[in-house]
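Engineer: Protein chains in written order, with our numbering: chain A, 99 to 469; chain B, 99 to 469; chain C, 99 to 469; chain D, 99 to 469. C-beta atoms are modelled at their ideal positions from N, C-alpha and C, and glycine is treated no differently.
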């Protein structure tokens with residue numbers, strides 16, 4: 099793998115590297131980690147990349163790697179830059195025949211993601227989007243329980259993703275993460291909805307295996323910030339279920355509190371990311387059941403992605419590593435791997451962002467997703 | 099006290115009686131428990147009421163009790179009938195000089211509650227509304243922490259009240275509770291929003307000491323029911339905070355899951371009714387704090403309403419009994435007891451219901467509360 | 099009921115009064131609340147007892163009440179004094195034909211409790227011991243699940259009762275509770291083991307329906323205190339299960355943390371007093387189940403003692419009130435009420451205390467209980 | 099690194115490999131994974147090891163690797179075989195100049211571990227023992243809080259390690275893990291106490307920075323098994339604190355429930371492995387505090403070993419990887435790394451096992467640890 103972005107101090111880049119390493123299948127062989135040549139090179143060397151493959155720009159990396167013999171060159175690029183570069187890098191890498199593992203959102207506009215989708219149709223390349231939360235085994239188990247009709251026809255979904263780190267009072271003055279996320283040029287149309295709202299809607303769509311049809315949104319722009327840092331969205335799913343989504347980065351005290359509850363006419367499920375190894379399942383009138391990671395009664399897919407026996411906690415890096423394992427499987431096998439978030443999820447995310455922004459701008463009206 | 103309603107099998111009537119008994123201040127001396135004379139009388143006798151004071155109608159009770167010598171007659175009536183009778187009984191009781199403890203909603207329409215408010219202004223009588231959740235000590239503590247500015251300027255409120263007992267598939271066919279709650283004649287404009295949505299908005303207003311200004315609501319009427327059994331509401335508070343409220347009686351698997359989270363710019367609080375003895379408090383960048391019922395560090399008001407030392411759980415009946423203690427205090431002392439929900443809260447509840455219904459009817463638009 | 103002890107500031111006396119009131123069956127009609135005549139009388143009046151029945155000594159109360167016509171006099175006495183008076187008052191009250199509800203331990207020595215047991219055999223009077231924790235509905239449910247063989251042959255019991263309020267550094271200098279509990283004259287052979295260790299062993303014996311056969315104990319006497327404030331005890335039950343019990347009143351930070359876990363060869367149960375409304379049940383290889391108070395699937399006995407529907411928390415006072423309801427039932431019906439802790443449990447408690455003290459004194463050896 | 103043991107289906111071998119990979123510092127370059135040459139080789143190849151370095155015996159590996167040029171050869175061996183081989187392999191590897199990362203217990207007898215300690219004194223080689231639980235950041239934080247005197251003089255330690263997987267009824271008939279663990283030849287003097295009891299005592303000694311002085315133990319041998327599968331141990335620490343330890347592998351329903359609570363005269367801490375990312379801290383009379391993984395307020399050592407920001411859960415593999423990182427640091431820097439469990443902890447573990455076995459054999463008497 100060749101990495102683009104994720105230099106010193108970048109949170110998500112180091113997560114991707116650990117996730118890839120933990121996969122025991124993927125090796126970091128090349129990279130460009132900074133726009134500054136020397137910085138990039140030094141950082142790459144510190145990661146154990148050979149000096150000739152620490153590149154100065156993504157174009158250089160992609161072009162040069164493409165000229166290496168197939169056995170030696172990277173198989174795919176991992177894009178962990180700020181949002182505004184995702185699209186152009188992905189497009190470029192695909193055009194040179196590399197598979198792509200891309201941070202979300204896959205582009206700044208829906209249109210661009212649709213272009214990527216078109217481009218992909220003309221190749222046999224694989225494309226993964228880093229929707230890490232659906233790679234937790236207990237989320238896969240939740241999806242499976244719904245597919246097996248264990249909670250019946252879905253009536254209501256409540257998904258809540260609360261963080262506090264972007265709260266103006268809370269923020270360290272020079273926090274790099276925060277600065278690009280609040281820049282329309284680099285983050286795009288939205289901060290909170292793009293960064294975490296898309297995770298929230300994606301996990302709901304993943305578990306339900308149902309797309310959201312339309313949204314009614316209200317966003318908050320604290321202290322006249324250019325982009326939203328909080329919002330609430332009413333959801334209607336294509337098959338009739340209703341939902342309510344709230345996402346925030348100004349909930350002081352919250353760390354990374356993503357919670358989803360799905361209510362059907364026969365029962366319900368609840369999952370909380372911060373206690374990711376358990377899934378609550380309740381069928382009508384019976385006791386609440388706590389399902390745990392690694393247990394024999396889980397579905398095959400959830401069990402296959404549990405690395406440890408029950409009672410040995412796993413977390414975020416393991417989930418991320420599961421994404422890389424699924425992506426690896428898809429590259430090797432060629433066929434679509436069902437559980438891997440791909441360009442369709444990238445497109446869905448952008449459609450959601452654009453609809454939410456429009457609903458908020460036009461007085462909190464219902465807006466149907468364009469894709 | 100004289101009770102009206104709450105006969106055999108009625109849930110809330112028996113709670114009121116236990117709460118009054120636990121107060122150790124209030125005695126049940128009279129009552130009318132059924133529209134059937136004999137049933138009412140038999141039930142009253144089974145409660146230990148003397149036969150002459152088991153009445154056949156509320157009018158009979160109020161009129162006859164009013165003629166007893168002051169020392170012997172009841173001091174107040176407790177109204178625990180279905181919703182449609184609250185107003186006429188309250189009005190009648192007040193007109194005969196009795197204090198009133200009334201189940202919520204205080205009437206079927208806002209207009210009626212405003213009338214009660216007018217009527218009360220012309221007397222020195224006390225009037226309590228059964229908003230039990232604000233009588234939990236840890237909710238009082240939460241209000242106090244906000245009043246002391248411990249979490250700063252409030253940005254966001256998330257209040258969620260989920261029950262499952264009215265889910266069509268879940269319901270026992272002949273469940274009495276359910277039948278009147280789904281009858282517009284007896285329940286009024288709303289089922290879910292009136293029954294539990296008003297609790298949800300009331301606890302938010304109580305903790306913030308801030309009224310909701312306007313709402314945008316979407317309601318659900320499962321299986322073409324005449325009244326709502328679920329809904330989500332965007333809130334704007336008068337002083338600028340935003341909120342999101344969801345209430346449901348069709349969340350299969352949920353028992354009585356009322357949760358409120360309030361986020362300020364300095365910290366946040368969380369309270370869950372099902373673990374009512376703890377309050378989570380988090381100030382920016384410090385550890386989460388778990389405050390517990392009965393602890394020395396609580397404010398005086400919370401401590402005064404904690405009956406047991408820390409670690410000895412309390413619950414719903416104790417909270418209800420706290421309402422009766424506050425009401426008793428107000429009757430005895432005459433002055434407004436700050437923490438007691440009164441006609442103002444009754445009016446606020448009806449204003450909320452009417453606004454929510456209107457917003458839902460008119461395409462999920464923002465509607466300002468009329469009172 | 100006539101109360102002995104429990105004057106101003108006494109924790110447990112007020113709990114007994116609230117529990118009796120909440121029963122809606124029992125009325126406090128007489129009492130002696132202090133050794134000081136005037137204090138006793140004033141306190142009694144403040145509770146609404148008529149002045150002629152506020153007595154100056156327990157003997158006066160028992161003698162005078164016994165001369166009242168049967169309809170007017172108290173049916174039973176409730177003994178809530180320090181430990182050293184339990185036996186003499188109980189013996190006296192029984193000799194005058196009154197039923198007795200007695201705080202634990204029922205006497206200072208095993209011998210005295212055996213005497214009470216003898217005395218009771220010669221009457222038809224009822225005698226209850228205030229082992230409140232077995233009156234929680236979910237503890238009754240646990241007992242029922244074991245009786246139904248849902249967790250199989252019991253191998254191991256872990257019971258832990260940790261409090262911190264007697265920690266020397268933590269204690270308010272003039273705390274009345276603490277002073278008598280550390281006095282051998284008034285508390286007896288033991289502080290911690292008598293006060294809470296007996297609860298711990300009693301709840302284990304109640305759930306297992308099996309007596310402890312022998313113990314190996316190590317006690318702690320912090321700061322050269324005359325009585326133990328902490329201890330750990332290895333248990334062997336008569337039918338072979340092993341157990342480990344630890345009780346402490348110097349665990350700074352603990353409130354009233356009583357926890358029991360029972361492991362059988364087919365499954366296990368866990369209950370924590372501080373979250374008393376839930377019981378965890380796990381059968382081999384299945385998910386953990388959370389059973390909740392008031393749910394339809396509970397056994398009849400547990401359901402009969404649940405006052406509220408699921409999700410409406412109950413606690414310590416409700417459990418205590420359940421004891422009074424069971425006691426009331428026994429008095430009225432005459433037959434032994436299965437779930438009510440009686441003199442047998444009083445005897446078992448003293449046998450446990452004496453065995454634990456002996457084991458600790460003789461170098462932590464195994465000691466068989468004398469009764 | 100060269101691995102010895104940990105072939106197909108072995109739980110702990112795969113954990114070590116993932117942990118090493120996640121360290122991003124350590125590469126698996128050689129190994130012997132089975133006593134069957136071909137199996138070993140095939141498995142090694144499947145892990146990506148080059149064929150020439152998939153060896154048929156540990157002696158072959160050590161000898162041959164020692165002859166490779168320093169740059170190419172492995173730096174250390176990781177021993178993940180059944181217990182009976184730990185000592186001989188470790189001794190052999192050290193004698194050839196390799197650092198050793200060894201599973202616990204470090205040998206079958208205390209004597210052997212003392213020999214290893216002697217051998218190590220004569221070299222500058224590093225030796226790590228796989229006490230993974232002390233490498234969780236929140237356990238390091240706990241140790242730090244005690245070192246800073248935040249909970250005062252320690253009075254009591256309660257440590258409980260409960261698993262259910264060895265319960266006879268629960269066990270899959272041909273479970274490989276179980277078979278060697280119950281073999282005295284391969285597991286040594288003890289099953290449960292060696293396997294998990296040593297973890298329990300080690301985490302207590304780590305947090306307190308205090309050794310256990312003597313023990314009083316009772317062990318269980320279900321169904322006449324040759325080795326213990328459950329036990330309870332009273333502990334006395336060298337500086338006076340008392341403790342109670344229970345460990346079991348027959349607690350049906352338990353997964354990997356290691357819990358430690360430490361009570362001082364100023365406060366207490368609690369940690370549960372299954373919710374490893376939080377640490378509860380309570381100082382006298384204040385609220386309970388929940389400290390979370392990755393938070394700014396943690397000590398430097400805890401923060402350095404937190405890979406993700408707060409709210410992004412971590413677990414068992416991360417903790418294991420921390421051990422490898424600490425070991426790597428020690429190898430590179432040469433000086434003793436404070437937090438790394440080393441031969442001293444190996445010796446302490448064996449001293450504990452032998453004392454516990456002796457206490458149990460001799461009628462549950464106090465036995466002082468020999469080292």
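#1: Quick check on residue 428 of chain A: does DSSP put it in helix, strand or coil?
#2: Given a cut-off of 9 Å, decide if residue 445 of chain C and residue 315 of chain C are closer than it, judged by their beta-carbon atoms.
#3: Distance check for residue 355 of chain B and residue 397 of chain B, CA to CA, integer angstroms please.
#4: Report the option in B:340, B:265, B:185 whose CA atom is closest to the CA atom of residue 347 of chain B.
#5: Nearest to residue 289 of chain A by CA position, among A:421, A:304, A:219, A:320, is which residue?
#6: DSSP three-state call for residue 394 of chain B: helix, strand or coil?
#7: Kindly list the residues whose CB is nearer than 8 Å to the CB of residue 173 of chain B, restricted to its own chain and excluding five residues on each side of it in sequence; keep chain order.
#8: Kindly list, in the order they appear in chain C, the residues whose Cβ is closer than 8 Å to that of residue 474 of chain D.
#9: Considering residue 356 of chain D, what are the terminal residues of the beta strand (DSSP E) in which it resides?
#10: Just tell me which of B:234, B:179, B:393 has its CA closest to the CA of residue 386 of chain D.
#11: Tell whether a beta-carbon distance below 9 Å holds between residue 229 of chain C and residue 304 of chain C.
#12: Give me the residue from C:309, C:365, C:330 with the minimum Cα distance to residue 338 of chain C.
#13: Do residue 361 of chain B and residue 213 of chain B have their beta-carbon atoms positioned less than 9 Å apart in this structure?
#14: At the 9 Å Cβ level, is residue 222 of chain C part of the contact set with chain B, yes or no?
#15: Taking only beta-carbon positions, decide if residue 388 of chain A is within less than 9 Å of chain C.
#16: I'd like to know whether the C-beta atoms of residue 222 of chain A and residue 432 of chain A end up nearer to each other than 9 Å.
#17: So is residue 409 of chain B in contact with chain D if we call contact Cβ pairs under 9 Å?
#18: Just grab the DSSP bridge partners of residue 259 of chain C for me.
#19: Give me, in chain order, the residues of the same chain whose beta-carbon lies closer than 7 Å to that of residue 280 of chain C; leave out the 5 immediate sequence neighbours on both sides.
#20: Note down, in chain order, every chain D residue with its Cβ under 8 Å from the Cβ of residue 354 of chain A.
#21: Locate the beta strand (DSSP E) running through residue 174 of chain D, then write down its first and last residues.
#22: Expressed to the nearest angstrom, what Euclidean distance is found between the alpha-carbon atoms of residue 121 of chain C and residue 418 of chain C?
#23: Measuring only the C-alpha atoms, how far is residue 140 of chain C from residue 103 of chain C?
#24: Enumerate, from N- to C-terminal direction, the unbroken alpha helix (DSSP H) stretches of 4 or more residues contained entirely within the segment 104 to 183 of chain C.
#25: How big is the Cα-Cα spacing for residue 350 of chain D and residue 169 of chain D?
#26: Residue 421 of chain A and residue 292 of chain A: beta carbons closer than 9 Å?
#27: Please decide whether residue 384 of chain A counts as near chain C, where near means a Cβ-Cβ distance under 9 Å.
#28: To the nearest angstrom, report how far apart residue 165 of chain B and residue 114 of chain C are at their CA atoms.
#29: Between the Cα of residue 179 of chain B and those of B:404, B:382, B:203, spot the shortest distance and give me the residue it belongs to.
#30: What's the gap between the Cα of residue 442 of chain B and the Cα of residue 215 of chain B?
#31: Relative to the alpha-carbon of residue 237 of chain D, which residue among D:206, D:218, D:379, D:384 has its alpha-carbon at the smallest distance?
#32: In terms of residues, what are the limits of the alpha helix (DSSP H) holding residue 450 of chain A?
#33: Tell me the DSSP secondary structure of residue 462 of chain C in three-state form.
#34: My understanding is that residue 160 of chain B touches residue 126 of chain B, with C-beta atoms under 8 Å, so please give their C-beta distance in whole angstroms.
#35: Measure the Cβ-Cβ separation of residue 210 of chain A and residue 185 of chain A and say whether it is below 9 Å.
#36: For residue 224 of chain D and residue 192 of chain D, what's the separation of their Cα atoms in angstroms?
Structural biologist: So, from the listed chains and residues:
#1: helix
#2: no
#3: 25 Å
#4: B:265
#5: A:320
#6: coil
#7: 99, 196, 197, 429
#8: Nothing about residue 474 of chain D can be read from this structure; chain D reaches only from 99 to 469.
#9: 355 to 362
#10: B:393
#11: yes
#12: C:309
#13: no
#14: no
#15: yes
#16: yes
#17: no
#18: C:345, C:356
#19: 289, 323, 324, 325
#20: 407, 408, 409, 410
#21: 174 to 178
#22: 9 Å
#23: 14 Å
#24: 109 to 121, 135 to 144, 156 to 165
#25: 49 Å
#26: no
#27: yes
#28: 37 Å
#29: B:203
#30: 7 Å
#31: D:379
#32: 441 to 459
#33: coil
#34: About 16 Å; that fails the 8 Å criterion.
#35: yes
#36: 9 Å
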